[in-house]
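Engineer: Numbering (the numbering used here), first residue to last: 124 to 316.
Structure in structure tokens, see below.
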Ligand code: FE
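So, in structure tokens, the structure goes:
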């Protein structure tokens, strides 16, 4: 039974990923981003939030998390910046989130991945929109780690979600900005030295 179930789930996962790949526009890394970041006169460090109980170290190095995930595709891009608005290359960005049923994969790495910002300080993930789960509105969890700086652990939220106002952790400053239905943007501003 076990041997039958696993290959079948695997095939379904691949199928969903292939469909999502067709539905998403083909975009090169950073194509949605300007060549240089734009910051206000006094960019504030991104607010830290609780890691929650589902962080798992040693996630795969990958930007496309859609394997084995069903749901609405989301492409999340942005810069990692200093408070002086300087891009931070080679910063580790680790993303983990619930699936379309509001479940985390705590055995494997479904819905988990990390990557490093490029020379311009840009990152990009292609994944799906997570479902809300008990007590929580839809959100991504992120850890950003750059050399000689404290780790930034935070969460990102979807604009216009009905669950936002019922979630005590939700912060408007941590909303992603969407252009179109699936292109999300968030720039992380690191505090610390
Ligand atoms: Fe969570």
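Note that beta-carbon positions come from the ideal geometry of N, C-alpha and C, so glycine has one too.
With C-beta atoms as the reference, is residue 304 less than 9 Å away from residue 284?
Structural biologist: no
Engineer: Taking the continuous beta strand (DSSP E) assigned at residue 236, which residues delimit it?
Structural biologist: 235 to 239
Engineer: Compute the minimum distance between the beta carbon of residue 221 and the heavy atoms of ligand 1, and state whether it is under 8 Å.
Structural biologist: Residue 221 has its Cβ nearer than 8 Å to a heavy atom of ligand 1.
Engineer: Let me check understanding here. Comparing Cα to Cα, which of 279, 240, 310 and 314 lies closest to residue 173?
Structural biologist: Put simply, of 279, 240, 310 and 314 the residue whose alpha carbon is nearest the alpha carbon of residue 173 is 279.
Engineer: As a quick exercise: from 293, 266 and 216, pick the residue whose alpha carbon is nearest that of residue 185.
Structural biologist: 216
Engineer: Buried or exposed: residue 169, going by 16 or more other Cβ atoms within 10 Å of its Cβ?
Structural biologist: Flag for residue 169 reads buried.
Engineer: Grab the span of the beta strand (DSSP E) containing residue 172 for me, first residue to last.
Structural biologist: Neither: residue 172 is in no beta strand (DSSP E) and is coded neither H nor E.
Engineer: Between residue 282 and the rest of its own chain, which residues show a CB-CB distance below 8 Å, the 5 nearest in sequence each way excluded?
Structural biologist: 298, 299, 300 and 301
Engineer: What's the call for residue 252, buried or exposed, on a 16-neighbour Cβ count within 10 Å?
Structural biologist: buried
Engineer: Using the C-alpha atoms, what's the distance from residue 181 back to residue 236?
Structural biologist: 9 Å
Engineer: Using the C-alpha atoms, what's the distance from residue 259 back to residue 241?
Structural biologist: So the alpha carbons of these two residues sit roughly 32 Å apart.
Engineer: Quick check: the Cα distance between residue 202 and residue 233, rounded to an integer number of angstroms?
Structural biologist: 24 Å
Engineer: Mind checking whether the beta-carbon of residue 175 lies closer than 8 Å to any heavy atom of ligand 1?
Structural biologist: Yes, since a heavy atom of ligand 1 falls inside the 8 Å radius drawn around the Cβ of residue 175.
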